[in-house]
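So the protein lines, in turn, are chains Z and H. Using the numbering used here, read the first sequence as starting at 6 and increasing by one per residue. Using the numbering used here, read the second sequence as starting at 6 and increasing by one per residue.
2 protein chains.
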Amino acid sequence: MAIKFAKRMERMQASEIRELLKLTQQPDIISFAGGLPAPELFPVEEIAQVSHDLVLKEGRQLLQYATTEGRPTLRAKIAKRMKDKYNTEVTPDEILITTGSQQCLDFAGKLFLDPDDIVLCESPSYLGALNAFNAYEPKFIEVPTDDGGLIPAELDKILTNNPRCKFIYVIPDFQNPTGRTWSMERRHAFMEVINKHELPVLEDNPYGELRYEGEILPSLKSMDTKGLVMFLGTFSKIFCPGLRLGWVAAKPKILSEFIKIKQSADLHTSNFDQGIADAYIENYDLDKHVVEIRALYKKRRDVILQAMEEYFPAGTKWTHPEGGLFLWLTFPAGVSAAKVFAKCIEMKVAGVTGDAFFPNEKTDRNMRINFSNMSEERIVEGIKRMALAIKECTK
Amino acid sequence: MAIKFAKRMERMQASEIRELLKLTQQPDIISFAGGLPAPELFPVEEIAQVSHDLVLKEGRQLLQYATTEGRPTLRAKIAKRMKDKYNTEVTPDEILITTGSQQCLDFAGKLFLDPDDIVLCESPSYLGALNAFNAYEPKFIEVPTDDGGLIPAELDKILTNNPRCKFIYVIPDFQNPTGRTWSMERRHAFMEVINKHELPVLEDNPYGELRYEGEILPSLKSMDTKGLVMFLGTFSKIFCPGLRLGWVAAKPKILSEFIKIKQSADLHTSNFDQGIADAYIENYDLDKHVVEIRALYKKRRDVILQAMEEYFPAGTKWTHPEGGLFLWLTFPAGVSAAKVFAKCIEMKVAGVTGDAFFPNEKTDRNMRINFSNMSEERIVEGIKRMALAIKECTK
Numbered sequence: 006m007a008i009k010f011a012k013r014m015e016r017m018q019a020s021e022i023r024e025l026l027k028l029t030q031q032p033d034i035i036s037f038a039g040g041l042p043a044p045e046l047f048p049v050e051e052i053a054q055v056s057h058d059l060v061l062k063e064g065r066q067l068l069q070y071a072t073t074e075g076r077p078t079l080r081a082k083i084a085k086r087m088k089d090k091y092n093t094e095v096t097p098d099e100i101l102i103t104t105g106s107q108q109c110l111d112f113a114g115k116l117f118l119d120p121d122d123i124v125l126c127e128s129p130s131y132l133g134a135l136n137a138f139n140a141y142e143p144k145f146i147e148v149p150t151d152d153g154g155l156i157p158a159e160l161d162k163i164l165t166n167n168p169r170c171k172f173i174y175v176i177p178d179f180q181n182p183t184g185r186t187w188s189m190e191r192r193h194a195f196m197e198v199i200n201k202h203e204l205p206v207l208e209d210n211p212y213g214e215l216r217y218e219g220e221i222l223p224s225l226k227s228m229d230t231k232g233l234v235m236f237l238g239t240f241s242k243i244f245c246p247g248l249r250l251g252w253v254a255a256k257p258k259i260l261s262e263f264i265k266i267k268q269s270a271d272l273h274t275s276n277f278d279q280g281i282a283d284a285y286i287e288n289y290d291l292d293k294h295v296v297e298i299r300a301l302y303k304k305r306r307d308v309i310l311q312a313m314e315e316y317f318p319a320g321t322k323w324t325h326p327e328g329g330l331f332l333w334l335t336f337p338a339g340v341s342a343a344k345v346f347a348k349c350i351e352m353k354v355a356g357v358t359g360d361a362f363f364p365n366e367k368t369d370r371n372m373r374i375n376f377s378n379m380s381e382e383r384i385v386e387g388i389k390r391m392a393l394a395i396k397e398c399t400k
Numbered sequence: 006m007a008i009k010f011a012k013r014m015e016r017m018q019a020s021e022i023r024e025l026l027k028l029t030q031q032p033d034i035i036s037f038a039g040g041l042p043a044p045e046l047f048p049v050e051e052i053a054q055v056s057h058d059l060v061l062k063e064g065r066q067l068l069q070y071a072t073t074e075g076r077p078t079l080r081a082k083i084a085k086r087m088k089d090k091y092n093t094e095v096t097p098d099e100i101l102i103t104t105g106s107q108q109c110l111d112f113a114g115k116l117f118l119d120p121d122d123i124v125l126c127e128s129p130s131y132l133g134a135l136n137a138f139n140a141y142e143p144k145f146i147e148v149p150t151d152d153g154g155l156i157p158a159e160l161d162k163i164l165t166n167n168p169r170c171k172f173i174y175v176i177p178d179f180q181n182p183t184g185r186t187w188s189m190e191r192r193h194a195f196m197e198v199i200n201k202h203e204l205p206v207l208e209d210n211p212y213g214e215l216r217y218e219g220e221i222l223p224s225l226k227s228m229d230t231k232g233l234v235m236f237l238g239t240f241s242k243i244f245c246p247g248l249r250l251g252w253v254a255a256k257p258k259i260l261s262e263f264i265k266i267k268q269s270a271d272l273h274t275s276n277f278d279q280g281i282a283d284a285y286i287e288n289y290d291l292d293k294h295v296v297e298i299r300a301l302y303k304k305r306r307d308v309i310l311q312a313m314e315e316y317f318p319a320g321t322k323w324t325h326p327e328g329g330l331f332l333w334l335t336f337p338a339g340v341s342a343a344k345v346f347a348k349c350i351e352m353k354v355a356g357v358t359g360d361a362f363f364p365n366e367k368t369d370r371n372m373r374i375n376f377s378n379m380s381e382e383r384i385v386e387g388i389k390r391m392a393l394a395i396k397e398c399t400k
């Protein structure tokens, strides 16, 4: 005998991107590669106070094992927030609190996927979701997208030809990696296709409240009449990610399965972390805090868009996100993103090459750029360097 | 199309035991069914102080995304503790911090098990582990045990006849559910069999420091010369479980796979929770705290053993644990544990029926009893009631 891992581990070897990311973490590199919130906005003093008071007030319950579903008062606050922000009606009982929303992605794979089952996603899609699903050995079908997001007519064609798809994973608001947002019209057309084929939907909404222009749009879940949509939310972008706090909202038939999976995966989400978020919302103004985050990120988005306009060579295109943390570069035909990345590292700047975000098709023409995590001066300097790198690779 | 779950979900329907546990949670029932630590010992004031100071000191890092592997200074403290308590040499780099040690059980299943692979366990074994592995659709082989724990010669036979086993899951110290502990001799004999067959070992040690008589024994990992043993630890029983903090210690070849799984499962363990445990150990005396826990639980163990001696009818047998949280009842042939359980509920007392702890063979003759979570008076009253229930069922 000898140590022999499960087959799935062959697919989890995607260490390339981890190696690339290590390169981008050298201290002298201006990195647009990550996806971190701005830590200078974390409500540090308030959280210090809240955690102190909460432990003294209810330490024996707070530090004990807790229910798998999550802290009741926090589930109620999440339900209220989903109504207020996304016009989405859910009861507290329809919410499971998870160890970050990343955990919901893993659970969805576990719940739906046998080997070789089909999972659908936007082309491109969030790398962390693809990795989570990969552990359950599915096949991916990428649904074509344009500047308005996923194209519903293409989805309809795919579902007509592949009746055994298990679910679709989408990020309708400020998508990772592209920054694109679906219009109301797209949302309605998408839900029509979904209802026609009765396909479960994993709607990931980590950035929805971080909108820098226009109004927040209703969630897909708010338009769901058949109990098909699972909505994933998180406190990572509107509060802080070091507490691992996300949630899934779904109808009981599906949520009860998530709860079973949660029980065997880690029993429950940190009761302390849940208590802190709950008490912070109770004692402070989370909406006001989100206004501050939006103001800072909007400025950074405006600065990066202007710098690209000013310095990037003709032929390179980029998205104009209405919110969120990312935008998406497309280089002219013949310009290799891998080569631009290598040149960028030489010039002490970095993004993430786009191919990791496509489960099947590789084009070597894209790069994802994060703009939430650095000062305006550094953004401009980084874009100048990147512009030079692109020019070098276009010669 | 319609909502269709993965095949594994058919095996995760084990809601019987959850329904039983709900019965035991009625407020007027004296419940020996759970496995909760005594909350009156949680270091509430110290944790209030520690969390307040820590957030003020390093909030921006503490509340931000963190590395998947875990907080470096906490990994170092865990390595030192494994050396001090279990004579086990590991470097901090050989430790991954997880969202409770339950998460390690799920990860082990994910890492090793394809459908129909064989996983070995003691007969009986920890229900939460069986559930975690079940999600990966294995077959279980139960290794026979006696009062000294797993019988190595039986394991040798099984491995000789089943060369394709993937790993064995064991709890050598104060096992859940039986409370049994393996002697040094057993440990050596076990490791001989393991080395002969080169079988990976998942050594779960949640209770090792809670020893009420004799000396703490070295871990299996400390005897491992071939890099086969993965050691699972937790802060749930020596500190508090509401912070979800566990760990796996393994050689790099295995640990690197756990890290990949962790990344896609929940990115990293709560950075806040990790910081609190780290700062508590830094600023207070965890060893002294464990001494207090041991003193209280020892008293409760002694009281429950004496009450059983005094009140239980002849024919009912129970284990005498040297530590941990549980002991294990065996009823005389012909007495159904399920009937005793039902009678117990009538009499407002509860344990957990033992059959859930056997993945294959059901005998309907056992009950698991927890003694860490209630006052001595309540223990005695509960055992009196249970004695009556057993007598009723023996008639």
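Positions of the beta carbon are idealized from the N, C-alpha and C atoms, including for glycine.
Enclosing beta strand (DSSP E) for residue i [first to last residue]
| i | result |
| --- | --- |
| Y174 (chain H) | C170 to V175 |
| L222 (chain Z) | From DSSP, L222 (chain Z) is part of no beta strand (DSSP E); its letter is neither H nor E. |
| D209 (chain Z) | V206 to D209 |
| V124 (chain H) | I123 to E127 |
| N371 (chain Z) | N371 to N375 |
As assigned by DSSP and simplified to three states, the class of residue i
| i | result |
| --- | --- |
| T358 (chain H) | strand |
| S227 (chain Z) | helix |
| G339 (chain H) | coil |
| L272 (chain H) | coil |
| G329 (chain Z) | coil |
| R299 (chain Z) | helix |
| T239 (chain H) | strand |
| K90 (chain H) | helix |
| V198 (chain H) | helix |
| G39 (chain H) | coil |
Spatial neighbours of residue i in its chain, beta-carbon cut-off 6 Å, leaving aside the 5 residues before and after
| i | result |
| --- | --- |
| P326 (chain Z) | F179, G184 and L332 |
| K367 (chain Z) | D360 |
| F346 (chain Z) | T358 |
| V340 (chain H) | C398 and T399 |
8 Å Cβ cutoff, residue i in contact with chain Z
| i | result |
| --- | --- |
| Y70 (chain H) | yes |
| S36 (chain H) | no |
| A113 (chain H) | no |
| E205 (chain H) | Residue identity check: residue 205 (chain H) is Pro in the sequence provided, not Glu. With 8 Å as the cut-off, P205 (chain H) counts as an interface residue toward chain Z. |
| I8 (chain H) | yes |
| G359 (chain H) | no |
| L79 (chain H) | no |
| K162 (chain H) | no |
| A140 (chain H) | yes |
N- and C-terminal bounds of the alpha helix (DSSP H) containing residue i
| i | result |
| --- | --- |
| V148 (chain Z) | Not the alpha helix (DSSP H): V148 (chain Z) falls in the beta strand (DSSP E), residues K144 to V148. |
| A392 (chain H) | E381 to T399 |
| F117 (chain Z) | Q107 to F117 |
| L132 (chain H) | L132 to N139 |
Beta-carbon proximity list for residue i, same chain, < 8 Å, skipping 5 on both sides
| i | result |
| --- | --- |
| M189 (chain H) | L222 and P223 |
| R76 (chain Z) | I102, N276, Q279, G280 and D283 |
C-beta neighbour in chain H for residue i, strict 8 Å
| i | result |
| --- | --- |
| H193 (chain Z) | no |
| P44 (chain Z) | yes |
| M313 (chain Z) | no |
| E287 (chain Z) | no |
| K422 (chain Z) | Lying before the first or after the last residue shown, residue 422 (chain Z) is absent from chain Z, which here runs from 6 to 400. |
| V60 (chain Z) | yes |
Proximal chain H residues relative to residue i, where beta-carbon distance stays under 7 Å
| i | result |
| --- | --- |
| Q108 (chain Z) | A270 and D271 |
| D119 (chain Z) | A11 and K12 |
| F47 (chain Z) | G64, R65 and L68 |
| K265 (chain Z) | M17 |
Interface residues of chain H facing residue i [CB-CB closer than 9 Å]
| i | result |
| --- | --- |
| F277 (chain Z) | I52, S56, C245, G247, L248, R249, S275, F277, D278 and I281 |
| G133 (chain Z) | Q268, S269 and L272 |
Chain-ordered neighbours of residue i on chain Z, where CB pairs are closer than 8 Å
| i | result |
| --- | --- |
| N136 (chain H) | Q268 and S269 |
Chain Z contact residues for residue i, given Cβ-Cβ distances below 7 Å
| i | result |
| --- | --- |
| G105 (chain H) | D271 and L272 |
Neighbour list for residue i in chain H, Cβ cutoff strictly below 8 Å
| i | result |
| --- | --- |
| K144 (chain Z) | The premise fails here: K144 (chain Z) is roughly 14 Å from chain H at the closest Cβ pair, so nothing lies under 8 Å. |
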